[in-house]
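Participant: First, the structure itself, so that you have it in front of you.
Right, here's the structure in full:
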């Protein structure tokens, strides 16, 4: 069987798993209709075939000759990504690490200040994996290897010459107002980028991307109810990021027919879900059960009977549309209610519990808001870290540390 997937926006066609020679004519007819309908002619130079292990060489040669295209091997790339990612995922994606290493080797770190290093690492090096991260969940080991290369360059380590890493990488990945330098945690950044694909599968229901994945992986359920059991590496990567969207997104109540009372996140609370016991209502009850059909407003008597007092107040505070509209999943951390990679990454960083020492926020923000060069900002950040360490040591030894350094922590 052959699967044909096309995106008009990217003007890309992928042909996979050709196994029957008699299907070639049918495929040619489909491609002909595609060309006539969209006015886009298939470029044979950018088209490749990938064969499974069970196809004999004679059939491969015949198919390649009939199609006039080349065969692509397992670890070759197509449009910048591996054509096939098998069990050895790190091997397939190791080219990303090689690109990072090559880029770092071309820079003379002795000639760069810390501020210039920071700009290069953020704008160039940490941008290299972003394309692959938007499609695949990179192995943790690969992310750690890339971060190790970045750390070594940051602290001036070259070859066998070892240098002391004065701060944990987790600290450097914290935002600047919180005492870090704003480097990206690649694993969390990867998850935040994949969550964007989850958001597309929820809302962009007219796209070919949605129709293909919906038909193949969750035809009778939502993406949050889909299973890991079978599927491609890309699908498993997207499904992994679904946990972030499921945890942080909230349902905006319209007609209430799509929201499950005891399963979905629809309350304006940190948890988002109902914690009251399920007594009078069925476990699979929908939110429209709580809406009075005649008035179009909440059934206050039923709500008072079924939920704890704090949740009663939360439910009654939710506005309802005068004209019934479908329920919609929103991202409450953005004013637009649309998921963004930036807010998703911020949420993941907030989840992480880091044992870090924070310097005075008022003092730090005061200096960062001043008009100064990047080099001065980097120098100020280093001073702030040293001050926070000194402050902690004084606190451990004596409660009267402010009498010793009265002006140090007052921003004077």
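In our numbering, the protein residues as written are 1 to 412. Think of the CB as a built atom: it goes at the ideal place given N, C-alpha and C, for glycine as much as any other residue.
1. Residues in its own chain within less than 7 Å of residue 53 by CB, not counting five upstream and five downstream?
2. Could you check whether residue 96 and residue 138 sit closer than 9 Å to each other, using their CB atoms as the reference points?
3. What alpha helix (DSSP H) runs, 4 residues minimum, are completely inside the segment 14-60?
4. List the residues that DSSP assigns as beta-bridge partners of residue 71.
5. Could you tell me the distance, in whole angstroms, from the CA atom of residue 292 to the CA atom of residue 303?
6. How long is the line joining the alpha carbons of residue 93 and residue 34, rounded to whole angstroms?
7. Could you give the distance in angstroms between the alpha-carbon of residue 278 and the alpha-carbon of residue 269?
8. Of the choices 105, 100, 154, 142, whose alpha-carbon is the least far from that of residue 115?
9. So, under 8 Å CB-CB, residue 191 and residue 348 are touching, yes? Tell me the CB distance rounded to an integer number of Å.
10. Residue 329 bridges to which residues according to DSSP?
11. Tell me which residue opens and which closes the alpha helix (DSSP H) that residue 148 is part of.
12. Within the same chain, show all residues whose beta-carbon is closer than 7 Å to that of residue 41, passing over the 5 residues directly before and after it, in chain order.
13. Comparing alpha-carbon positions, which option in 315, 275, 320 lies nearest residue 295?
14. Report yes or no: do three or more beta-carbon pairs, one from the segment 318-333 and one from the segment 249-258, lie closer than 8 Å?
15. As a quick exercise: from 297, 260, 267, pick the residue whose alpha carbon is nearest that of residue 281.
16. Does the Cβ of residue 339 have 16 or more other Cβ atoms within 10 Å, making it buried, or fewer, making it exposed?
17. Taking 8 Å as the threshold, find out whether the segment 235-246 comes into contact with the segment 191-209 through three or more Cβ pairs.
18. What span of residues does the alpha helix (DSSP H) with residue 89 cover, start to end?
19. What separation, rounded to the nearest whole angstrom, lies between the Cα atoms of residue 131 and residue 318?
20. According to DSSP, simplified to helix, strand and coil, what is residue 273?
21. Are three or more beta carbon pairs between the segment 104-115 and the segment 133-147 nearer than 8 Å?
22. Which one or two residues does DSSP pair with residue 298 in a beta bridge?
23. For residue 179, count the other beta carbons within 10 Å of its own beta carbon; 16 or more makes it buried, fewer makes it exposed. Which is it?
24. Use the C-beta contact count for residue 164: other C-beta atoms within 10 angstroms, 16 or more gives buried, fewer gives exposed.
25. Given residue 80, which residues of its chain have a CB within under 7 Å of its CB, disregarding the five upstream and five downstream residues?
26. Opposite residue 286 in the DSSP bridges: which residues?
27. My understanding is that residue 143 touches residue 186, with C-beta atoms under 8 Å, so please give their C-beta distance in whole angstroms.
28. Would residue 275 and residue 311 qualify as a contact pair, given that the criterion is a beta-carbon distance under 9 Å?
29. I'd like the list of long-range same chain contacts for residue 158, defined as Cβ closer than 8 Å, with 5 residues on each side in sequence excluded.
30. With a Cβ-Cβ cutoff of 9 Å, do residue 100 and residue 233 count as a contact?
31. Select from 72, 119, 206 the residue whose C-alpha is nearest the C-alpha of residue 47.
Facilitator: Reading off the structure:
1. none
2. yes
3. 23-38, all fully within the segment 14-60.
4. Answer by DSSP bridge pairing, in chain order: 49.
5. Taking C-alpha positions only, residue 292 is separated from residue 303 by approximately 11 Å.
6. 32 Å
7. For residue 278 and residue 269, the distance between alpha carbons rounds to 19 Å.
8. 154
9. 6 Å
10. Note: residue 329 sits in a beta bridge opposite 251.
11. Taken as a continuous stretch (DSSP letters only), the alpha helix (DSSP H) holding residue 148 covers 140-154.
12. 35
13. 320
14. yes
15. 260
16. Looking at its Cβ environment, which holds 16 or more other Cβ atoms inside 10 Å, residue 339 is buried.
17. yes
18. 89-105
19. C-alpha separation (whole angstroms): 39 Å.
20. Secondary structure at residue 273: coil, using DSSP grouped into helix, strand and coil.
21. no
22. 291
23. buried
24. Exposed, since its Cβ has fewer than 16 Cβ neighbours within 10 Å.
25. 131
26. 260
27. 4 Å
28. yes
29. Annotation for residue 158: 109, 152 place their beta carbon closer than 8 Å to its own, counting only its chain and skipping 5 residues before and after.
30. no
31. Measuring from the Cα of residue 47, the nearest candidate turns out to be 72.
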